[in-house]
Amino acid sequence: MSGPRPLVEVRDLKMHFPILGGILRRQVGAVKAVDGVSFDIQPGETLGVVGESGCGKSTVGRAVLRLYEATAGSVIIDGEDIAAMPAEKLRRKRPTMQMVFQDPQASLNPRMTVAGIIGEPLDEHTDWPRAKKLERIYELMDAVGLNRDFANRYPHAFSGGQRQRIGIARALALNPKFIVCDEPIAALDVSIQAQVVNLLERLQDEFGLTYLFISHDLSMVRHIADRVAVMYLGKIVEMAPVGVLYDAPRHPYTEALLSAVPEPDPSLEARKDRIVLKGDVPSPANPPKGCNFCTRCPRVMEICRDIDPETVQIAPGHVVACHLVTQHQTTGATGGTEAEHPKHQQGEVL
Amino acid sequence: MTDAATPPSPETARIRPPRNQWWDVWDQFKIHRGALAGSVVFLAIVIFCFVGPLVWPYDATYIDIRSRNQGMSWAHPFGTDQLGRDIMARMMSGGQVSLAVGIVAMALAMLIGTGIGVLAGYFRRIDGLLMRMTDLFLALPLLPLLLVMSMLFRQPLSAAFGVETGMFLLIVTAIGITSWMPTARVVRGDVLALKEREYVLAARSIGTPPRRLILRHVVPNVLSPVMVSATLMIATAIITESALSFLGLGFPPDFPTWGRLVNDGIDYLQQYPSRAMLPGVFISLTVLSVNYIGDGLRDALDPRIRGR
Numbered sequence: 001m002s003g004p005r006p007l008v009e010v011r012d013l014k015m016h017f018p019i020l021g022g023i024l025r026r027q028v029g030a031v032k033a034v035d036g037v038s039f040d041i042q043p044g045e046t047l048g049v050v051g052e053s054g055c056g057k058s059t060v061g062r063a064v065l066r067l068y069e070a071t072a073g074s075v076i077i078d079g080e081d082i083a084a085m086p087a088e089k090l091r092r093k094r095p096t097m098q099m100v101f102q103d104p105q106a107s108l109n110p111r112m113t114v115a116g117i118i119g120e121p122l123d124e125h126t127d128w129p130r131a132k133k134l135e136r137i138y139e140l141m142d143a144v145g146l147n148r149d150f151a152n153r154y155p156h157a158f159s160g161g162q163r164q165r166i167g168i169a170r171a172l173a174l175n176p177k178f179i180v181c182d183e184p185i186a187a188l189d190v191s192i193q194a195q196v197v198n199l200l201e202r203l204q205d206e207f208g209l210t211y212l213f214i215s216h217d218l219s220m221v222r223h224i225a226d227r228v229a230v231m232y233l234g235k236i237v238e239m240a241p242v243g244v245l246y247d248a249p250r251h252p253y254t255e256a257l258l259s260a261v262p263e264p265d266p267s268l269e270a271r272k273d274r275i276v277l278k279g280d281v282p283s284p285a286n287p288p289k290g291c292n293f294c295t296r297c298p299r300v301m302e303i304c305r306d307i308d309p310e311t312v313q314i315a316p317g318h319v320v321a322c323h324l325v326t327q328h329q330t331t332g333a334t335g336g337t338e339a340e341h342p343k344h345q346q347g348e349v350l
Numbered sequence: 001m002t003d004a005a006t007p008p009s010p011e012t013a014r015i016r017p018p019r020n021q022w023w024d025v026w027d028q029f030k031i032h033r034g035a036l037a038g039s040v041v042f043l044a045i046v047i048f049c050f051v052g053p054l055v056w057p058y059d060a061t062y063i064d065i066r067s068r069n070q071g072m073s074w075a076h077p078f079g080t081d082q083l084g085r086d087i088m089a090r091m092m093s094g095g096q097v098s099l100a101v102g103i104v105a106m107a108l109a110m111l112i113g114t115g116i117g118v119l120a121g122y123f124r125r126i127d128g129l130l131m132r133m134t135d136l137f138l139a140l141p142l143l144p145l146l147l148v149m150s151m152l153f154r155q156p157l158s159a160a161f162g163v164e165t166g167m168f169l170l171i172v173t174a175i176g177i178t179s180w181m182p183t184a185r186v187v188r189g190d191v192l193a194l195k196e197r198e199y200v201l202a203a204r205s206i207g208t209p210p211r212r213l214i215l216r217h218v219v220p221n222v223l224s225p226v227m228v229s230a231t232l233m234i235a236t237a238i239i240t241e242s243a244l245s246f247l248g249l250g251f252p253p254d255f256p257t258w259g260r261l262v263n264d265g266i267d268y269l270q271q272y273p274s275r276a277m278l279p280g281v282f283i284s285l286t287v288l289s290v291n292y293i294g295d296g297l298r299d300a301l302d303p304r305i306r307g308r
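Sequences listed follow chains A and B, in order. Start counting the first sequence at 1; every next residue gets the next number (UniProt numbering). Start counting the second sequence at 1; every next residue gets the next number (UniProt numbering).
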């Protein structure tokens, strides 16, 4: 990619969880939660990651911060490879990268006060006197819109949105450059979701943050992200700038996902062609031989069942892993445009 | 931004700074009626046992054969035993030993149990080893083990620390290392569940090293089951000690403990039932009060229950 050096470079990240079996508890297989994911994130950018449940979104987020030990691949954040770093060096690197968790209830220790929770990163990484830490804690509470009076309360006394703000304040405490937001709004009410997303955007402007925003809410991702990666069964099937992806998706899975987004206008909603995928996601322990999506793809071809498609770049910043696209490019001379694709061979048109 | 630490603004000064969390615990403990009553009773028993001998004229081992088997009177509120020793004095010095054995053995068992449970639950690599060790200890028959221990260590310990301290150490260690296993199991189970919680993951993402992570996030959250087994443990320890003394493996026969007083009293249960019942009542009161204290403490330590 051109331009300045990306803040985050993920190359061929794999996260396989072993399946142990037999009397001797030997490894008999692996759940390929993440299977060869590569992406870059520029400073100040938001990369949205979408996909259905169990496709490995959260695992990517956690492996990028090395909360899981990745099976293979490299994660270069700010010029240093996180995946191969010794523990103590990694500990000192932690302040540059932080995480906001999905469940604000579970991500706060019920036995610590808000001040204790927000102050924990400061206790770990600074040797400031108590008064300075407290001042910083108040500063952070102001930044995320929490009343300073709440500092001595415990997490159970807060609503979901407020708890998520506490979690965000904790992530901000050490002035990180990069924050992984692991479905930060999934557990919140719709009205609160907007608040939290707006807060995240405001903080991004204020502190120049870079986000990896994991979500299954496509409209929210459209709102906050600059680029979007679509994941299916541990792989990125399509990645493009947000406008391109939502207006002209190339991968059948992306099309299916987008067709499922509810349309606020009922008359449009009634006329919309919904692509309903049949069947279930295959088990990541035993993915199909060819393309991961071939079992459910509405436009599946013979080649899809045998050969895993290469990830190709079809426009600057727009990568797709699909035989439809690859064949198009090779037979591009005949002038096929995507409008000519026979639509919905397997899919049902509602 | 970080470096520009402004001096506390007047607005900040108005807000009460975070105080020590133990004040919150105390505030909650104060309003738990059972816990307060328990504390008063327990304190009274402790004062009776440790301050009592200083003001009570009789010695626990003073034999006055002429006034043996007396009933309750002003001179001997709890009566005298078959050798004319004042039972109240014996209750006092017996209580010292029993309380000390109970509390120290409980502390030892909790320490070992929590430690092993947390390590086994948190570090996957040593889980199997530690749990099999726990199974091993669970499978050990208690009495033969104690017999062997007292046979092996009684003489050297008595020589090194004197008969009473030596026996105290022996009994406390024996009880402690044979009763930590249930705690370890319970704690391990809780830790296994806790370490998958997101706040533990969050602490790791902050860069908290395992040692502090365990002390800050894991141990405080397994405190409830530990508290419960700790309070039950005191009772078990006092009773085990009496059983040991009865079998001649514990303190020497003339050395009073509550458990031994009960055993001595059983022979005279028909004629002087109070002789066995009084120490029994003291044991029960101690256990009951400690239970209530533990109950209150557990509630006070949990912010979710606090303030209700």
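Note that CB positions come from ideal geometry on N, CA and C, so glycine has one too. Computed from a prediction, not measured in an experiment: that's the story for all the values here.
Check	Outcome
Residues of its chain near residue 323(B), where Cβ-Cβ distance is below 7 Å and the 5 sequence neighbours each way are ignored	Coverage of chain B is limited to positions 1 through 308, which leaves residue 323(B) absent and any answer about it impossible.
Nonlocal neighbours in the same chain, by C-beta distance under 6 Å from residue 291(B), ignoring five residues either side	231
Straight-line Cα distance separating residue 67(A) from residue 295(B)	37 Å
DSSP three-state assignment for residue 270(B), whether helix, strand or coil	coil
DSSP bridge partner residues for residue 181(A) (one or two, in chain order)	100(A), 213(A)
Chain B contact residues for residue 94(A), given Cβ-Cβ distances below 8 Å	205, 206, 207
Rounded straight-line distance, which links the Cα of residue 295(A) to that of residue 276(A)	13 Å
The segment 242-254 of chain A touching the segment 187-207 of chain A, judged by at least three CB pairs closer than 8 Å	no
Cα-Cα separation between residue 109(A) and residue 299(A), rounded to whole angstroms	48 Å
Any 3 or more C-beta pairs closer than 8 Å across the segment 145-158 of chain A and the segment 111-131 of chain A	yes
Beta carbon proximity, residue 156(A) to chain B, threshold 7 Å	yes
Contacts that residue 217(B) makes with chain E (C-beta to C-beta distance below 7 Å)	Any reference to chain E falls outside this structure, whose protein chains are A and B.
Alpha carbon of residue 292(A) to alpha carbon of residue 225(A), nearest angstrom	26 Å
Buried versus exposed, by CB contacts within 10 Å (16 or more), residue 23(A)	exposed
Residue 233(A) beta carbon less than 7 Å from that of residue 309(A)	no
Pair within 7 Å by beta-carbon distance, residue 106(B) and residue 234(B)	yes
Where residue 92(B) falls: helix, strand or coil (DSSP)	helix
is_contact[residue 201(B), chain A] using C-beta, thresh 7 Å	yes
Outcome for residue 131(A) when other beta-carbon atoms lying within 10 angstroms are tallied against a minimum of 16	exposed
Min CB distance residue 196(B) to chain A below 7 Å	no
Test: residue 304(B) CB closer than 7 Å to a CB of chain A	yes
Cβ neighbour criterion (16 or more within 10 Å) applied to residue 40(A)	buried
Residue nearest to residue 90(A) in terms of C-alpha spacing, selected from 100(A), 64(A), 107(A)	64(A)
Listed by chain order, chain B residues near residue 15(A) by CB distance under 8 Å	Chain B residues near residue 15(A): none, gap ~15 Å exceeds 8 Å.
Residue 140(A): first and last residue of the uninterrupted beta strand (DSSP E) it sits in	From DSSP, residue 140(A) is part of no beta strand (DSSP E) but of the alpha helix (DSSP H) over 130-143.
Contacts that residue 220(B) makes with chain A (C-beta to C-beta distance below 7 Å)	111
Range covered by the alpha helix (DSSP H) that runs through residue 7(A)	Unbroken run through residue 7(A): none, as it is neither H nor E.
According to DSSP, residues forming a beta bridge with residue 232(A)	235(A)
Rounded separation between residue 219(B) and residue 265(B) - CA only	43 Å
Own chain residues within Cβ distance below 6 Å of residue 147(A), not counting five before or after	none
Pairwise C-alpha distance: residue 70(B) and residue 77(B)	10 Å
Interface partners of residue 103(A) on chain B, CB under 8 Å	198
Bounding residues of the alpha helix (DSSP H) (the contiguous stretch that carries residue 59(A))	57-64
Residues within the segment 120-140 of chain A neighbouring chain B, beta-carbon criterion of under 9 Å	120, 121, 123, 124, 125, 126, 128, 130, 131, 132, 134, 135, 136, 137, 138, 139
Where residue 106(A) meets chain B, residues with beta-carbon distance less than 8 Å	197, 198, 199
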